[in-house]
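The numbering of the sequence shown is this note's numbering, which starts it at 7 and goes up by one. The beta carbon of each residue, even a glycine, is placed where N, CA and C say it ideally should be. Structure record follows, encoded as structure tokens.
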Amino acid sequence: MMEVLKGHGLRYASLLHQEAYIGGKWVSAASGKLFPVTNPANSKVIASVPDMEVTDTEAAINSAYEAFQTWQTTTARERSLLLRNWYNLMEQHKEDLALIVTAEAGKPLSESRGEIGYGSSFLEWFSEEAKRIYGEVAQSPASSKELFFLRQPIGVASMITPWNFPNAMITRKAGAALAAGCTCVIKPAEDTPLSALAAVDLAEKAGFPPGVINVVTTSRANTPAVGKLMCTSPKVAGISFTGSTAIGRVLYEQCASGIKRIGLELGGNAPFIVFSSADVKSAVEGLMVAKFRNSGQACISANRILVQEEIYDKFSEALEEAVRKRLTVGDGFNKEVNIGPLININQLKRVERIVNESVAAGAGVVLGGKCHDMGDLFFQPTILCNVTEDMACFQEEIFGPVIALKKFKCEEEAVNIANASKFGLACYFYSQDVSQVWRVARRLESGMIGINEGLISTAEGAFGGVKQSGIGREGSRHGIDDYTYLKYICLGGIN
Ligand code: ADP
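Here it is in structure tokens:
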């Protein structure tokens with residue numbers, strides 16, 4: 007593995023770990039078993055990491071629980087400084103961390119660099135927020151009493167993260183938890199454990215005490231049992247998950263028995279609406295970003311593209327030209343490439359099925375539509391037209407480089423189509439009509455809305471969904487809420 011990455015300019019081979027991290031030690035699975043990590047661009051094995059099971063996870067939870075007893079007594083400033091150290095180290099090792107993301111997730115290197123910048127920004131943000139976790143003093147009904155609300159850390163937080171942002175989804179959760187005074191047990195996605203281990207290597211160097219951060223790596227086969235323990239252990243206070251709605255539902259149910267705190271960032275089916283008053287050029291730019299970032303593999307990717315009829319031809323021509331000319335498919339290590347492979351064969355088959363079903367149901371293929379001959383996991387940048395609401399490409403989250411276009415007549419129709427989904431994560435729309443901007447923003451059933459903007463993710467923003475897209479918010483000052491509870495204190499006997 008090291009040879010491959012050194013060939014791409016990796017400077018610190020010490021960031022590459024093939025062991026998990028529990029109680030401040032780099033450890034193997036008790037069983038000694040490993041599972042392989044592959045590069046999706048060529049399916050070659052790049053590393054093997056411990057295939058941990060329930061007993062290993064128990065050890066991680068125990069060490070997080072023990073560490074919490076002292077970590078919760080640290081001052082906010084102490085925690086802030088450690089987060090700031092971690093942030094500085096991530097910035098220093100940005101290039102190496104980006105190489106690791108590209109190696110295991112297939113992302114074009116420029117996007118991997120972007121992810122590391124995004125990922126480290128959560129550490130910077132929460133190093134600042136740590137010092138701003140305020141309580142309240144309420145008005146007392148009696149002069150003999152004073153009423154206070156303290157904000158306290160909940161305890162051990164379990165975190166289960168996805169492969170599409172293998173660095174940032176960890177820092178977004180762990181940054182908030184650590185700032186609040188919680189300790190954590192992280193289970194990264196089986197496709198991308200190396201980024202998690204590299205990030206935590208830097209956390210160790212930043213000075214976080216043993217047990218405060220733990221990483222359990224496990225294969226897909228062992229994940230359900232490990233995940234169940236992470237939800238049900240009496241030593242775990244809460245769980246934070248980013249991934250599919252199907253798995254989010256399983257975890258929500260498992261958390262019910264112990265009445266655990268839970269934060270869920272789940273699937274989306276983002277509408278992208280172009281009204282006739284829109285600036286066509288910037289709408290095309292916005293869609294290129296909102297659709298093709300990470301080859302469409304983001305939960306806030308634009309999925310259902312609705313274009314008002316007066317502007318449809320102009321928009322679709324400009325879009326077709328942009329997709330034809332500006333996208334280069336290939337290995338993410340190649341500088342010209344801006345569309346990498348999909349993460350694994352299941353995702354590729356899923357995108358292929360969605361396109362095939364939509365075409366069979368009457369969608370037209372403007373561009374692409376098939377697997378790309380670059381390798382086993384590549385899909386052609388695709389534009390489908392004449393899409394109807396019942397087609398797979400509108401009903402399901404595509405998670406691939408596929409644009410599905412539908413023409414609409416009036417605002418009412420567009421808003422109704424946008425809201426006719428069980429998801430409500432992100433929406434995007436383009437309009438230069440001020441009152442339309444407000445009308446539509448008010449009516450869209452969505453946790454996040456990009457207006458005349460395709461890139462909404464930032465540490466300062468409150469990320470999260472409504473309906474079946476999840477509960478809770480990450481980033482912003484609200485990102486701390488999942489990791490704290492209010493303790494009401496009534497001090498009596500004052501005379
Ligand atoms: P995807 O289908 O995109 O891989 P998932 O929701 O399946 O999305 O995966 C997101 C994360 O959830 C990964 O870390 C994965 O290992 C984990 N996961 C999958 N199944 C379970 C489960 N039954 N219990 C706990 N975690 C799970």
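What does DSSP give as the partner residues of residue i in its beta bridges?
{"i": "C314", "result": "Checking the displayed sequence, the identity of residue 314 turns out to be Gln instead of Cys. Q314 is bridged to F414."}
{"i": "E45", "result": "Checking the sequence, you will find Asn at residue 45 rather than Glu. According to DSSP, which records beta bridges pairwise, N45 is partnered with K50."}
{"i": "M165", "result": "I192 and S246"}
{"i": "P172", "result": "Answer by DSSP bridge pairing: none, since P172 is not bridged."}
{"i": "F298", "result": "Answer is none; F298 lacks a bridge partner."}
{"i": "R157", "result": "L492"}
{"i": "P56", "result": "L40"}
{"i": "N220", "result": "V191"}
{"i": "G444", "result": "Note that residue 444 is Trp in the sequence shown, not Gly. Answer is none; W444 lacks a bridge partner."}
{"i": "I457", "result": "F435"}
{"i": "I28", "result": "K31"}
{"i": "E480", "result": "F469"}
{"i": "F429", "result": "K473"}
{"i": "I345", "result": "V335"}
{"i": "E152", "result": "L497"}
{"i": "A19", "result": "Its beta-bridge partners do not exist; DSSP assigns none."}
{"i": "A324", "result": "A324 is not bridged to any residue."}
Which word fits residue i, buried or exposed, when buried means at least 16 other C-beta atoms lie within 10 angstroms of its C-beta?
{"i": "C3", "result": "The structure shown does not extend to residue 3, since the chain is modelled only from 7 to 501, so the question has no answer here."}
{"i": "C496", "result": "exposed"}
{"i": "E142", "result": "exposed"}
{"i": "P230", "result": "exposed"}
{"i": "E419", "result": "exposed"}
{"i": "V329", "result": "buried"}
{"i": "P147", "result": "exposed"}
{"i": "P240", "result": "exposed"}
{"i": "K193", "result": "buried"}
{"i": "P6", "result": "In the structure as shown, the chain starts at 7 and stops at 501, and residue 6 therefore has no counterpart that could be examined."}
{"i": "Y27", "result": "buried"}
{"i": "Q75", "result": "exposed"}
{"i": "N352", "result": "exposed"}
{"i": "Q438", "result": "exposed"}
{"i": "I311", "result": "buried"}
{"i": "Y71", "result": "buried"}
{"i": "C416", "result": "exposed"}
{"i": "K376", "result": "exposed"}
With the cut-off set at 8 Å, would you say residue i and residue j are in Cβ contact?
{"i": "K473", "j": "E459", "result": "no"}
{"i": "E326", "j": "V372", "result": "yes"}
{"i": "V408", "j": "T394", "result": "no"}
{"i": "Q260", "j": "S282", "result": "no"}
{"i": "I404", "j": "A432", "result": "no"}
{"i": "T167", "j": "I176", "result": "yes"}
{"i": "G470", "j": "R483", "result": "no"}
{"i": "V232", "j": "T61", "result": "no"}
{"i": "L492", "j": "R157", "result": "yes"}
{"i": "A205", "j": "C188", "result": "no"}
{"i": "H99", "j": "L208", "result": "yes"}
{"i": "R267", "j": "G249", "result": "no"}
{"i": "S475", "j": "G430", "result": "yes"}
{"i": "G346", "j": "A47", "result": "yes"}
{"i": "A289", "j": "A308", "result": "no"}
{"i": "I477", "j": "A182", "result": "no"}
{"i": "A424", "j": "P277", "result": "yes"}
{"i": "N350", "j": "L333", "result": "no"}
{"i": "W92", "j": "L40", "result": "no"}
{"i": "G498", "j": "S150", "result": "yes"}
{"i": "S246", "j": "A465", "result": "no"}
{"i": "K320", "j": "V286", "result": "yes"}
{"i": "L390", "j": "L354", "result": "no"}
{"i": "K413", "j": "Y494", "result": "no"}
{"i": "E101", "j": "I500", "result": "no"}
{"i": "G15", "j": "L103", "result": "no"}
{"i": "A73", "j": "V218", "result": "yes"}
{"i": "A369", "j": "N340", "result": "no"}
{"i": "G336", "j": "M380", "result": "yes"}
{"i": "G273", "j": "I306", "result": "no"}
Stretch pair the stretch 198-210 + the stretch 107-114: three plus CB contacts closer than 8 Å: yes
Runs of alpha helix (DSSP H) lying entirely within the stretch 347-410, each at least 4 residues, in chain order: 351-366 and 398-401
Meets three-Cβ-pair contact criterion under 8 Å: the stretch 52-67 and the stretch 119-138: no
Whole beta strand (DSSP E) elements within the stretch 67-145, 3-residue minimum: 142-144
Contact the stretch 209-216 vs the stretch 86-102: 3+ CB pairs below 8 Å: yes
Segments assigned alpha helix (DSSP H), at least 4 residues, entirely inside the stretch 228-292: 229-238 and 251-263
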